[in-house]
Amino acid sequence: VAHFFTRLIQRVSPKSYKQALAEVQVTQKFLENFSGDQ
Numbered sequence: 001v002a003h004f005f006t007r008l009i010q011r012v013s014p015k016s017y018k019q020a021l022a023e024v025q026v027t028q029k030f031l032e033n034f035s036g037d038q
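Mapping the sequence shown onto full-length UniProt numbering, position 23 (from 1) lands on 23, and the numbers just tick up by one.
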């Protein structure tokens, strides 16, 4: 799943795979924390 979203980010913005993957992981952590508060 992370690979899929990483490829999506790369399609819309000129980033390296590593940069895009880091964005996916940051978003994943944010969503985990956000949903855990409820």
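The C-beta atom is built at its ideal place from N, Cα and C for all residues, glycine as well.
Counted within 10 angstroms of its Cβ, other Cβ atoms place residue i as buried (16 or more) or exposed
{"i": "T27", "result": "exposed"}
Reference residue i; option with closest CA among the options
{"i": "Q19", "options": "F34, V1, T6", "result": "T6"}
{"i": "V1", "options": "P14, K29, V24, L31", "result": "V24"}
Under the three-state DSSP convention, the category residue i falls into
{"i": "K29", "result": "helix"}
{"i": "V12", "result": "helix"}
{"i": "V24", "result": "helix"}
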